[in-house]
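Here's the structure, in structure tokens; my notes come after.
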Amino acid sequence: MSTPAPSPTAPGQVPPDRVTQATLLLLSALTVMSGATIAPALPAMQAHFADTPNAALLVKLALTILGIIIAVTAPLFGVLADRYGRRPVLLAALTLYVIGGGSGLIAQSLGQVLLGRIVLGLAVAGTMTAAGALVNDLFSGAARGRFLSQQAAFTSFGGAVLLPLGGVLAAVGWRAPFVLYLAAALLLPLILRLPRGIPGVAPDLTAPVQAPRWGAVTLVYALALGYMVVFYLMPAQGPFLLRALDASPGLTGLMLGSSTLMAAVTSLVFSRFAGRFDPRRLAGLGMVVVALGWLLVFRAPGLAVVEAGLLVAGLGGGLIFPNLYAWLADLTPPAWRGRVTAGMSSAVFLGQFLSPLLLAAPAGHEAQGFATGAALAAGMGALLLVLSVRGRRAPTAPVPQQG
1221 MSTPAPSPTA PGQVPPDRVT QATLLLLSAL TVMSGATIAP ALPAMQAHFA
1271 DTPNAALLVK LALTILGIII AVTAPLFGVL ADRYGRRPVL LAALTLYVIG
1321 GGSGLIAQSL GQVLLGRIVL GLAVAGTMTA AGALVNDLFS GAARGRFLSQ
1371 QAAFTSFGGA VLLPLGGVLA AVGWRAPFVL YLAAALLLPL ILRLPRGIPG
1421 VAPDLTAPVQ APRWGAVTLV YALALGYMVV FYLMPAQGPF LLRALDASPG
1471 LTGLMLGSST LMAAVTSLVF SRFAGRFDPR RLAGLGMVVV ALGWLLVFRA
1521 PGLAVVEAGL LVAGLGGGLI FPNLYAWLAD LTPPAWRGRV TAGMSSAVFL
1571 GQFLSPLLLA APAGHEAQGF ATGAALAAGM GALLLVLSVR GRRAPTAPVP
1621 QQG
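Under my numbering, read the sequence shown as residues 1221 to 1623, first letter to last.
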């Protein structure tokens, strides 16, 4: 009976040190920082640029334009990460992150704000892709599932801190939240001590056992895209719904942050049980719970019920991405990790970009998009639950035999 060939760094056998793990967790926070930091400032930004044509749409694009940039450029960063290693890509991406993120402090027009957000999108594409591939290099099996859950929890905790902090800064002025992006420069010394990663050899496309299972991988991508369309209702539409209910910017940040805090708690609790359950089943359960949360938000007569819906959605959301990523990792041979992870990044951020376009709500009916989001989440949850009963475990990618 053949056994899987170990990867060059023997992931799972020699866990990375705590500083490396902490660095990977901090890098994951940069993703949520890219949007959460300025979300509470969107109404103030719109008021400042009220004389700009189409200001309402352009301000929302300042939050979501990152999505289309990442969706387009993540595959390129995946190729670079597989060819040259993870650390060089991370160093370049982090430099762009500081430049693009901090540019909002000096931007004089909405066009300049959007240009800075495009640079930030390039940075997030490189960071998310290279860091995700490095996680798959350094962890395997149940250890990978545990770390992915801890990473999701840390990301959500980051959102729980950054959204309220962004709200406090937004009360000072719409530019103030942009200063938080400069803090990313503090990670540069930590990036320098990361392992370079596994530059992948060119895959032999004539050997099927070396390639990912593209049908299942594409399904994971589609589910990730759909979930982000649903999830991004919170930062893209939530501030406008809460403003219509007379919430201040500070309260808006706290309420949005409470949802990500609940997601963090869910992910952290789940990390203790990673590897024991079919990831499709847990992701499906999370989708159904998110649907219930958004239904509460849609029907909410006031802020208290909106808060209840946000908490319920956070409870479900904490289960979704750790399990989708664990399923994807099972489907991916080592030489393809950078590219397959890049595809996931593209799907996630394309969903982020499309969310306000597909689920836009007219003025005076700000909760309308949450009804459509609830239906979409329920449908994806049902699909995942059906798939989970067809087999005991999610299918995994074939692995090469040892010579």
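Backbone N, C-alpha and C define an ideal beta-carbon position, used for all residues, glycine too.
Query, Result
"Proximal residues to PHE1518 (C-beta, below 7 Å), its chain only, five neighbours per side dropped", "ALA1587, PHE1590, ALA1591 and ALA1594"
"Nearest residue (CA-CA) to LEU1247, options ALA1403, PRO1273 and SER1329", "ALA1403"
"N-terminal and C-terminal residue of the alpha helix (DSSP H) that ILE1540 is part of", "1523-1550"
"Beta-carbon proximity list for VAL1526, same chain, < 6 Å, skipping 5 on both sides", "VAL1517 and ALA1520"
"Span separating the alpha-carbon of THR1315 from that of VAL1399", "15 Å"
"Residues of its chain near THR1293, where Cβ-Cβ distance is below 7 Å and the 5 sequence neighbours each way are ignored", "LEU1342 and ALA1345"
"Residue of GLY1563, LEU1570, PHE1573 and VAL1606 minimising C-alpha distance to GLY1504", "VAL1606"
"Own chain partners of LEU1604 with C-beta closer than 6 Å, once the 5 adjacent residues on each side are dropped", "ARG1500, ALA1503 and GLY1504"
"When LEU1383, LEU1385 and ASN1356 are compared against GLN1371, the one with the closest alpha-carbon", "ASN1356"
"Contact between the segment 1542-1556 and the segment 1347-1364 (3+ Cβ pairs under 8 Å)", "yes"
"Whole-angstrom distance between VAL1509 and VAL1532, CA atom to CA atom", "7 Å"
"Within 9 Å, strictly: CB atoms of MET1507 and GLY1536", "yes"
"Whether GLY1538 touches MET1482 by CB criterion (9 Å)", "yes"
"Beta-carbon proximity list for ILE1540, same chain, < 6 Å, skipping 5 on both sides", "TYR1447, ALA1503 and GLY1506"
"Inter-stretch contact at 8 Å, needing at least 3 Cβ pairs: the segment 1244-1259 / the segment 1372-1381", "yes"
"Where ARG1413 falls: helix, strand or coil (DSSP)", "coil"
"Beta-carbon separation (whole angstroms), THR1257 vs PRO1397, contact threshold 8 Å", "5 Å"
"Nearest-angstrom beta carbon gap, GLY1305 and SER1323 [assumed within contact, 8 Å]", "About 28 Å separates the two Cβ atoms, so there is no contact after all."
"The segment 1359-1366 touching the segment 1440-1456, judged by at least three CB pairs closer than 8 Å", "no"
"Residue environment, PHE1367, which counts as buried when at least 16 other CB atoms sit within 10 Å", "buried"
"Rounded Cβ spacing between VAL1339 and GLY1320 (contact assumed at less than 8 Å)", "3 Å"
"Residue burial classification, PHE1493 (beta-carbon count within 10 angstroms, cutoff 16)", "exposed"
"Nonlocal neighbours in the same chain, by C-beta distance under 6 Å from PRO1469, ignoring five residues either side", "PRO1260, GLY1387, ALA1390 and ALA1391"
"For TRP1514, the nearest candidate out of GLY1473, LEU1461, PHE1490 and LEU1286 (CA to CA)", "LEU1461"
"Reference LEU1624, options ASN1543, GLY1298 and TRP1556, closest by Cα", "The structure shown does not extend to residue 1624, since the chain is modelled only from 1221 to 1623, so the question has no answer here."
"Nearest candidate by alpha-carbon position, reference ASP1498, set SER1608, LEU1408 and VAL1560", "SER1608"
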